[in-house]
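Per numbering that gives the first Met the number 0, residue 0 is the first one in the sequence shown, and the count goes up by one each step.
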Amino acid sequence: MSNFKQKTVTTKSGKTYTLQFPGVRAVTKITDRIKNKHGIPSDERLAEEMLAHVVVEPKLKLDDFESFAELTEIIGKSYAFITGQDDADELEDDAEDQ
């Protein structure tokens, strides 16, 4: 059974996005699709996959962004979310706060 948890994130510019975990099988397919024939991840493919399958609100495409910094920030947060890296970051932040 899949766990399609959601998370709301805010970028440095103050824009809010809702991310949704697409399921483990979908994440493995995404990580396969973003790589070129040499196994190196493509930034453009990663952005397209995150916007298509992870960022659910607002629904955007690559060309909708006016700022490259905004795009890279939300794509980074999206990828960290689906790969579980954001949980580790939050734990580190909590430890630093104490």
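Built from N, CA and C at the ideal position, the CB exists for glycine as well.
Note that the structure is a prediction, hence the values are computed from the model and not measured.
Whole-angstrom distance between ILE39 and VAL54, CA atom to CA atom: Translated into positions along the sequence shown, residue 54 becomes position 55. Translated into positions along the sequence shown, residue 39 becomes position 40. About 23 Å.
By how many angstroms is the C-alpha of ASN35 removed from the C-alpha of GLN97? Taking the sequence shown and counting its residues from 1, the one referred to as residue 97 is at position 98. Taking the sequence shown and counting its residues from 1, the one referred to as residue 35 is at position 36. Only weak support exists for where GLN97 lies, its pLDDT of 49 falling under 50; the coordinates are left without a value.
Classify HIS37 as buried or exposed, calling it buried when 16 or more other Cβ atoms lie within 10 Å of its own Cβ. The residue given as residue 37 occupies position 38 in the sequence shown. Exposed, because fewer than 16 other Cβ atoms sit within 10 Å of the Cβ of HIS37.
In this structure, how does DSSP classify GLU72 when only helix, strand and coil are distinguished? Position 73 of the sequence shown, counted from the first residue, corresponds to residue 72. Three-state DSSP puts GLU72 in a helix.
Taking DSSP as the reference, what is the three-state secondary structure of VAL8? Here residue 8 refers to the residue found at position 9 of the sequence shown. Of the three classes helix, strand and coil, the one that applies to VAL8 here is strand, per DSSP.
Three CB pairs or more closer than 8 Å across the region 21-30 and the region 56-67: no
Straight-line gap, LYS6 to ARG32 (C-alpha atoms, nearest Å): The sequence position of residue 6 within the sequence shown is 7, counting from 1. The sequence position of residue 32 within the sequence shown is 33, counting from 1. Using only the alpha carbons, I get a separation of about 23 Å.
Keeping to the same chain, check which residues put their C-beta closer than 7 Å to that of GLU47; ignore five residues upstream and five downstream. Working through the sequence shown from its first residue, we reach residue 47 at position 48. For GLU47, where only same-chain residues beyond five positions count, the Cβ hits under 7 Å are LEU61.
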